[in-house]
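S.K.: Here's a structure for you.
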């Protein structure tokens, strides 16, 4: 999975330390470790449909922190593993710290209809507040561009699924104003460390 190569400026040159570690480097407004990564151009407008079939935009998520992830329901391991890690992190948040809203934006709109997403987000090991978002291919591409995320279709003719998706595997923590607060790479998703970082960021 692609994890960080599509972020703008010089993020590619920064080693993402495990969340909870001391900030080690600052480039283009980003500090590695559990620290604010200030990218005003990450997390722009979205125009999508949720798993109930209702049209939503970023305005529907303003007012509370939101954790955004790009994935797809046919993903065999990384996506479900990440969502399970998120739920485990939420379970370790201190008393008085509410979990952020949790959003899965599909990168596979061909298969991930609202109905398919509704079944997927109901998985018991995933966050209770998980919202699945889909849309037209153009809407999904626009949403990915807003987060500097990338994805591509990989043909898998020998698989029953026929194809899979390669995609940026980052978790974006947006603040109540839909501005990027921090992000987690795939290597940062240790539940205990993520819980510490989320608690720190949401209490700032």
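Residue numbers (the working numbering): 180 to 383. We treat Cβ as the ideally placed atom computed from N, Cα and C, and that holds for glycine. Predicted model, so just to flag it, every value in this text is computed and none were measured.
1) Three Cβ pairs or more, each shorter than 8 Å: is that satisfied between the region 245-259 and the region 276-286?
2) Using CA coordinates, which residue listed in 350, 229, 279 is at the minimum distance from residue 327?
3) Short check: CB of residue 348 to CB of residue 263, under 8 Å?
4) From the DSSP output, in three-state form, read off residue 354 for me.
5) Tell me where the beta strand (DSSP E) around residue 333 begins and ends.
6) By how many angstroms is the C-alpha of residue 305 removed from the C-alpha of residue 295?
7) For residue 144, count the other beta carbons within 10 Å of its own beta carbon; 16 or more makes it buried, fewer makes it exposed. Which is it?
8) For residue 276 and residue 245, what's the separation of their Cα atoms in angstroms?
9) So, using beta-carbon positions, are residue 314 and residue 297 closer together than 8 Å?
10) Can you tell me the Cα-Cα spacing of residue 342 and residue 330, whole angstroms?
11) Is residue 333 near residue 288, with beta carbons less than 8 Å apart?
12) CA-CA distance, residue 373 and residue 290?
13) For residue 237, which of 354, 364, 381 has the nearest alpha-carbon?
14) For residue 224, tell me which candidate among 359, 366, 371, 363 has the shortest Cα-Cα distance.
15) Kindly indicate which residue of 316, 269, 241 has the alpha-carbon position closest to the one of residue 227.
16) Which value, in whole angstroms, describes the spacing of the CA atoms of residue 241 and residue 339?
17) Given residue 272, which residues of its chain have a CB within under 8 Å of its CB, disregarding the five upstream and five downstream residues?
M.R.: Once the coordinates are examined:
1) Between the region 245-259 and the region 276-286 there are three or more C-beta pairs closer than 8 Å, enough to call the two in contact.
2) Walking along the chain shown from the start, residue 327 turns up at place 148. Of the listed residues, the one whose Cα sits closest to residue 327 is 350.
3) In the chain shown, counting from the first residue as 1, residue 348 sits at position 169. In the chain shown, counting from the first residue as 1, residue 263 sits at position 84. Their beta carbons are not under 8 Å apart, which means residue 348 does not touch residue 263 by this criterion.
4) Taking the first residue of the chain shown as position 1, residue 354 is located at position 175. The three-state secondary structure of residue 354, taken from DSSP, is coil.
5) On the chain shown, position 154 is the one that residue 333 refers to. Where residue 333 is concerned, the enclosing beta strand (DSSP E) stretches over 330-335.
6) Walking along the chain shown from the start, residue 295 turns up at place 116. Walking along the chain shown from the start, residue 305 turns up at place 126. Going by the C-alpha atoms only, they are around 15 Å apart.
7) The chain is shown from 180 up to 383; residue 144 falls before or after that span and cannot be answered.
8) Position 97 of the chain shown, counted from the start, is the residue given in the question as residue 276. Position 66 of the chain shown, counted from the start, is the residue given in the question as residue 245. Residue 276 and residue 245: Cα-Cα distance of roughly 13 Å.
9) Counting from 1 along the chain shown, the entry for residue 314 is found at position 135. Counting from 1 along the chain shown, the entry for residue 297 is found at position 118. With contacts defined by Cβ atoms closer than 8 Å, residue 314 and residue 297 do not form a contacting pair.
10) On the chain shown, position 163 is the one that residue 342 refers to. On the chain shown, position 151 is the one that residue 330 refers to. Those two C-alpha atoms are separated by around 13 Å.
11) On the chain shown, position 154 is the one that residue 333 refers to. On the chain shown, position 109 is the one that residue 288 refers to. Cβ atoms of residue 333 and residue 288: not closer than 8 Å.
12) By one-based count along the chain shown, residue 373 stands at place 194. By one-based count along the chain shown, residue 290 stands at place 111. When the Cα atoms are used, residue 373 and residue 290 turn out to be separated by approximately 30 Å.
13) The residue you call residue 237 lines up with position 58 of the chain shown. Nearest option by C-alpha distance: 354.
14) The residue given as residue 224 occupies position 45 in the chain shown. The shortest C-alpha to C-alpha distance from residue 224 to any of 359, 366, 371, 363 is the one to 359.
15) Translated into positions along the chain shown, residue 227 becomes position 48. That would be 316, whose Cα lies nearest to the Cα of residue 227.
16) In the chain shown, the residue the question calls residue 241 occupies position 62. In the chain shown, the residue the question calls residue 339 occupies position 160. So the alpha carbons of these two residues sit roughly 40 Å apart.
17) Your numbering for residue 272 matches position 93 in the chain shown. Correct list, in chain order: 278, 374, 377, 378.
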